[in-house]
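As structure tokens, the structure follows; a few thoughts come after it.
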Amino acid sequence: MDIRFDDRVAIVTGAGNGLGREYALELARRGARVVVNDLGGSGSGHGQSATAADRVVDEIRAAGGEAVASHDSVATRAGGAAIVAAALDNWGRVDICINNAGFLRNNRFEDLTDKQIDAILDVHLKGAFYVGQPAYRAMRRGGYGRMLFTASASGVFGHAWQANYGAAKSGLVGLSNVVALEGSAYGIQSNVLLPTADSRLAAEMDPGFMEIPAFADAVRNADFAASEGRVVLPFNVPLALYLVSEACSATHGLYSSNSGRYARVRICAVEGWVAPAGTTPPTVEDIGAHFDQIERMENWSEPMTVYDEFGAVARAARAQGVYS
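To get the working numbering, take the position in the sequence shown, counting from 1, and add 20.
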């Protein structure tokens, strides 16, 4: 299989450094025309410069590829519209949108300020709307599209001192799920990637999170035996590019890339406990009496819509003899 992107137009936000830069360079090497978007801020989201995006565009062009720079902010509707307009004005279409822009501002949950919360939500979550919506409209007109949202294990699994970042990143999971459902009518696929890489954002990590005993134990006891030399940017590129390729038919998915291990991450519901038949709700004590069964990891299902869960409930009720 030779994965190519000839004649495809890709938008990559936050492409001046880190993962975004790697995605843009490899997309271009495989034939894509790329909008390299980057505001040029620091790892904490401060400052602005055209240098980062321009440098990546120069690299792509020097290698014989096609690219244009966008220095617009994803955190405003006007910025998002301008980013997509750069693709449409230059090449008349949008086929791929990788929402990657982001930064870190860490603090204790109870100490997070409005500036620390709003700035993260504006770029990571609202930015995905501001760029994603006009990109989606262009994809719908073309009858084809690949959306990739960059979430994080910090949100899906948890990381102390990153409540703002984790909340924004987990919000992207819900966003992608809905885009995948709506996009299925128009040839548009949407997935989420949880990349793991030692990027410049690592410099923004405050070791103060080690004050949390259970989290500090998790850090100290982590087994990195399979990770040496593999928690680097290039190890995340193959899965990201496959997910936005024509070869990929998967959509509505959540995928982890960690140390060379690539895996589907599932949000599922176990069979649980079904209350007795009838219209009388159980008591709080009933829940307590059956909580072990509610937590038991067996006979799980993965609903793809909120309505799919009703079918899982019916199956559980029949299995437990509550309804025939």
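Each residue gets a CB set at the ideal place from its N, CA and C atoms; glycine is no exception.
Proximity below 8 Å, CB of residue i to CB of residue j
| i | j | result |
| --- | --- | --- |
| V104 | A155 | yes |
| E79 | L124 | no |
| A283 | A332 | no |
| L195 | A158 | no |
| L261 | A217 | no |
| A339 | E266 | no |
| R161 | I208 | no |
| A246 | S279 | yes |
| A238 | L192 | no |
| Y343 | A297 | yes |
| G203 | Y150 | no |
| A180 | I232 | yes |
| M21 | N126 | no |
| N211 | L263 | yes |
| R128 | V76 | no |
| T33 | V94 | yes |
| E315 | P323 | no |
For residue i, the residue or residues it bridges with in DSSP
| i | result |
| --- | --- |
| M167 | C117 and S210 |
| V55 | I31 and V88 |
| L274 | V212 |
| A289 | S321 |
The beta strand (DSSP E) enclosing residue i, as first and last residue numbers
| i | result |
| --- | --- |
| S344 | Neither: S344 is in no beta strand (DSSP E) and is coded neither H nor E. |
| E86 | E86 to S90 |
| R284 | R281 to R284 |
Proximal residues to residue i (C-beta, below 6 Å), its chain only, five neighbours per side dropped
| i | result |
| --- | --- |
| H310 | W293 |
| S276 | L214, A283 and V285 |
| T96 | none |
| A236 | M230 |
| P302 | A295 |
| M317 | V290 |
| R113 | V29 and G162 |
| C268 | Y262 |
Beta-carbon contacts of residue i that lie in its chain and below 8 Å, excluding the five residues immediately before and after
| i | result |
| --- | --- |
| A73 | A35, G36, V56, N57, D58, G60, A89, S90 and H91 |
| A48 | V54, I80, A83, G85, E86 and A87 |
| T325 | L201 |
| G308 | none |
| N319 | V290, E291, A336 and A339 |
| R281 | A246 |
Residue i, enclosing alpha helix (DSSP H) - first and last residue
| i | result |
| --- | --- |
| P233 | P233 to R240 |
| N197 | A183 to G203 |
| K135 | D134 to I140 |
| N110 | R97 to W111 |
| E315 | F311 to E315 |
| T71 | T71 to A82 |
| E130 | Counting along the chain, E130 falls outside any alpha helix (DSSP H), and DSSP gives it neither H nor E. |
| R157 | G147 to G162 |
| V257 | V257 to L263 |
| L39 | G38 to R49 |
Neighbourhood of residue i by C-beta, 7 Å cutoff - its chain only, sequence neighbours within 5 removed
| i | result |
| --- | --- |
| R24 | R50 and G51 |
| V251 | T216, A217, D218 and S279 |
| L39 | N120, P215, A217, S219, L253 and N256 |
| S174 | Q182, Y185, G186 and K189 |
| G228 | W181 |
| D131 | none |
| L259 | L213, Y275, S277 and Y282 |
| A106 | V55, V88 and S90 |
| D26 | G51 |
| E248 | none |
Distance cut-off 7 Å: residue i Cβ against heavy atoms of the ligand NAD
| i | result |
| --- | --- |
| M167 | Within the structure as shown, the ligand NAD is missing, as the structure has no ligands at all. |
message: Could you check whether the stretch 157-170 touches the stretch 108-118, counting it as contact only if at least three pairs of C-beta atoms, one from each stretch, sit closer than 8 Å?
response: By the Cβ criterion, the stretch 157-170 is in contact with the stretch 108-118, since at least three pairs of Cβ atoms, one from each stretch, lie closer than 8 Å.
- request: Give a yes or no on contact between the stretch 136-144 and the stretch 184-194, applying the rule of three or more CB pairs nearer than 8 Å.
  value: Yes, the stretch 136-144 touches the stretch 184-194.
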